[in-house]
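The sequence shown lines up with residues -20 to -1, 1 to 735 when you count with mature numbering (1 follows the signal peptide of the UniProt record, and there is no 0).
One structure is given here, and the rest of the page talks about it.
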Amino acid sequence: MFCVLLLAILSAHFFIPISGADIDIVRERRYSGIVGASTGASSIPKWLSSLSEDGKWPDDEINYTAGCDAQRGSWPAQQHWRRIDTFAAAYHGGFRNALQYTGDPDLRASISLAMTYWFSNDFDNVACLDAGGTDACPCDTAGFWNPNWAANVITVPPLVSSACLLLDISLSDDELAGCLHIIQRAYNTFQTGIVGVSSITGANLLDIAGIGLDLGLLTSNETILTDAYDRAHGELIIKTEVSADGIRPDGSFGQHHGLLYNGNYGIANDVYNLEISSANTQWAASNEGQNVFSTLLTANLWMIFLNVVTDVLHWDYAIIGRVISLPTADDQATASLKTNLTQIRVLGDLWNSSDITHVYEVLEGTSKNANVGAIVGNRMFYTNDYMVQRGSGYVTTLKMFSNRTLNFECVNSQNPYGFHLSDGTVYTYLTGSDYEDIFAAWDWNLIPGITVDYNATVLDCDDTTASGVESFAGSASNQDIGVAAMRYETPASKTLRWQKAWFFLPNDVQYVMVANIDSTTPAPVFSVLDQRRYLSDVLISGSPVTESGNFSSIESLWHGGIGYTFNASNSAVSLSVQLGNKTGSWESIGTSDEGDISVDLFSAWLSHDDKAVPVSYAVYPATSSYDTFVSKSQLSDIIPVRNDGSVSAVLDVTDDIAMIIYWDVNGGSATLTLPTPDAAPIIVNCTGNSAVILDLNEWKVTLSDPSQTLANITLTVSPGPGTPPAGWTDVSTTKSVYFDLPLGGFWGESVTQVL
């Protein structure tokens, strides 16, 4: 399924005995790492034939536009060096499907032409590195530079360093000088800093450290190697500060002021390159650093799904940030994990890490649905307001935000309409193709899972990024099931407020409650059920629907393997379904040149016709047919206990589970009324705002503070009149449990005690 063809090559170099100088060991492993990650072997003949005598490829193959007019994100000119990298891997040897080019003098001559062309056009004004377009580097400054510092520091230089390292002793004096000029200039930013960047952190730091690795090897300078590894290992620590860049206590990864970026920026590839090369040498990561990286990788597992149509692993779209605006054809984080899985296995073996080896084994496994590895359970990433529920045949993710986190970002013209992408966004992956390549055509006001005042907020790049207004966004999770909640107010405009709770119950049943809606604009308020590829029949209350429309007094909705049930007597809401072809342009939402697309989409939402009335509904993912959905929904016995501004609560009678959200800072009370005749009601009181899971069989309480403001909470359970519940001998007995809540970087983490 995945790329493991290079395992023999990798093993031959990575598992060499530790003899001779450490630097020689690191160099040999690095050679193999570069070659093993190389692509494009089949394109070598074409690229050789189209390379001009002056070392330039045709403009219709590579857009060399530089300076102020250059594309800031995914700079097309970098493709010049990507082709050189492919050539260098082939010339070096060991490049599968390109072995015939090993040591080929004609190929080497072409490499020289291409390198010389770039070096002769390299910029001389060092200010253009990170201040392009300013007085220090005016737009008319000659040379290949980009106004985005990242292109000049962490995009092109790593390509240069890897190619030059592979060529090594074959480099002429002029070529070596050109290589070192670009590589050293980038690595020196550790000393000079980067204009507009307060500090170099997270993935950016690892990228530059990787350049230092190649620089140290190319110059045989152990001092540079030590400096690069010291800086890299400084990032293999848990970052506990709010909105920190780097690896967080729960395994999530922050970049750009803590934005959730396990995909795209998640540093794993940098760590593979650095640590596979240095394992068991003087530059190896410490045991603590290894454990921290293992924390990241095991967290990543929860965020990955499989597209069974294309047989490709993907990151959840909630964790790739602005790259959601790029199609799979652009070969960015929407296209795949962008990871050589063999490197995971190699690192797991070198570090003797069963956790890392397990990650490899899961990702190498087969699956008939999106839930690769058949992982079942719930995981809350409390530092980034993000929850994942994985069950039989599906993966559901929930992205919220709070005053501790940012929603999303628009950078380099990528993702200008993404303002709502953390407003309680819910993706449910069944086949893994569910949302692929739809974002240029979908409605950015109908993002799955959100509650929105439709079109009330102007969507543009300058206003995309915002910190949340409210502190209450989080969840309780016992690793099997979970409950999440978010209090929302529109940043800046304050036009919409609501409270929403998501209950991830046993047996793959989900329940959603929306309450306390307040809107100051005439815009209609919708709670979006989904917006995905239109794949199958749509049935509303059992009747087939083939056209878009609005529906009232509805009991159920089913489409494409997901079913919903509603309270048909609630006249305060109506259902809208939109079916059919939607068009859009990738250029309008990012930097891709893929042009226009047309996609068949299914969209469904609830219209809050009377915003004063709360709404709730159940969700049944991975129900393969309408009949399966009906059978499952009829077997479920979910009682909505309360849904208002103070408490949101449900009782799962079948599984003896209660889930409660206490919204008020001083907590509150919820009464669980069991359907058994003469059963005593169960009164649950709590002293602070919290999310609670109560197991009515074992009387276990799992609790967290979603606001991340409280130090302790007491929960009390008291039976009312009637037959006492199991575990109680007398209805007059009251049981209490006191929770000291996790603080610091662990604020928001769930804790469990037995009554």
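Ideal placement from N, C-alpha and C gives every residue a C-beta, glycine not left out.
Which residue's Cα is closest to the Cα of residue i: the options?
i	options	result
R477	I461, V463, Q490, V494	V494
I355	I461, D86, S578	I461
I174	V133, A503, D153, N320	V133
S507	D433, L615, S316	D433
C117	G564, A46, R302	A46
G301	A552, N387, L330	N387
S587	G190, T220, V664, L555	L555
V251	G269, T261, G234, Y241	G269
K36	S23, W61, W55, G13	W61
V106	V557, W125, V339, A706	W125
D34	T96, P85, G20	T96
N435	N425, T444, T114, P229	N425
S682	Y167, A143, S698, A464	Looking at the sequence shown, residue 682 is not Ser but Thr. Of the candidates Y167, A143, S698, A464, the one whose C-alpha sits nearest the C-alpha of T682 is A464.
I180	P138, S533, Q235	Q235
P524	W538, A315, S604, Q511	W538
T261	I299, F582, T206	T206
T121	A131, R9, L109	L109
D617	S583, W482, V303, P655	P655
Q733	D635, T714, T667, N458	N458
L615	W331, D635, N364, S596	D635
I284	Y374, G226, L254, H237	Y374
D440	L581, S393, L147, E527	S393
S730	F361, A183, V557	F361
G429	N547, S613, R512, T713	R512
Can you give me the Cβ contacts of residue i inside the same chain, cut-off strictly under 8 Å, excluding the 5 residues immediately before and after it?
i	result
T376	V368, Q369, R370, V406, Y407, T408, Y409, F484, Q490, P601
F(-19)	With a pLDDT of 29 at F(-19), under the threshold of 50, the modelled position of that residue is not reliable, and no figure is offered here.
A(-9)	The pLDDT assigned to A(-9) is 35, lower than 50, so where the model puts this residue is not dependable; a value taken from the coordinates is nonetheless given after this. Closer than 8 Å at Cβ, skipping near neighbours: S12.
Only counting the same chain, and skipping five residues up and downstream in sequence, which positions put a Cβ closer than 6 Å to that of residue i?
i	result
Q58	T135, V136
D498	R477
H649	The amino acid at residue 649 is misidentified as His; the sequence shows Ser. Result list for S649: N665, in chain order.
S578	N561, T563
W566	P307, A420, S572, E574
W129	D110, I174
A(-13)	Low per-residue confidence applies at A(-13): pLDDT is 34, beneath 50, and the placement is therefore not dependable, though the value from the model is reported in the following sentence. Same-chain partners within the cutoff: there are none.
Going by DSSP in three states, residue i sits in which element: helix, strand or coil?
i	result
A453	strand
N201	coil
A552	coil
W282	helix
A166	helix
G226	strand
C108	helix
Q490	strand
D720	strand
F399	helix
S447	strand
residue 736	Because the chain in this structure spans residues -20 to 735, residue 736 falls outside the shown range and cannot be described.
L276	helix
D498	strand
S572	coil
Q58	helix
S142	helix
Per DSSP, residue i is paired with what?
i	result
W478	Y468
K379	Y366, T405
P699	I662
T682	I673, T732
L581	R513, G560
K715	V697
N287	V292
V538	It should be noted that the sequence gives Trp, not Val, for residue 538. BP columns for W538 point to L519, G543.
P524	L519
V505	D433
Please work out which residues of its chain come closer than 7 Å, Cβ to Cβ, to residue i, disregarding the five sequence neighbours upstream and downstream, and give them in chain order.
i	result
V140	W61, C159, I162, I163
residue 738	No answer is possible for residue 738: the residues shown for the chain start at -20 and end at 735.
L(-16)	Residue confidence is low: L(-16) scores 29 on pLDDT, short of 50, so the model does not pin down where it sits. No coordinate-derived value is stated.
A313	G243, N244, W295, I300, V303
Is residue i close to the ligand COA? I mean its beta-carbon at under 7 Å from any heavy atom of the ligand.
i	result
N351	As presented, the structure is devoid of all ligands, the ligand COA included, so that no description of it is given.
Just to confirm the assignment: which complete beta strand (DSSP E) runs, minimum length 3, are found wholly within the segment 574 to 623? 576 to 588, 595 to 600, 618 to 623
Would you list, in sequence order, the uninterrupted beta strand (DSSP E) runs of no fewer than 3 residues that lie entirely inside the segment 201 to 271? 233 to 235
Note down, one range per segment and in chain order, each beta strand (DSSP E) of at least 3 residues found wholly within the segment 325 to 372. 357 to 361, 366 to 371
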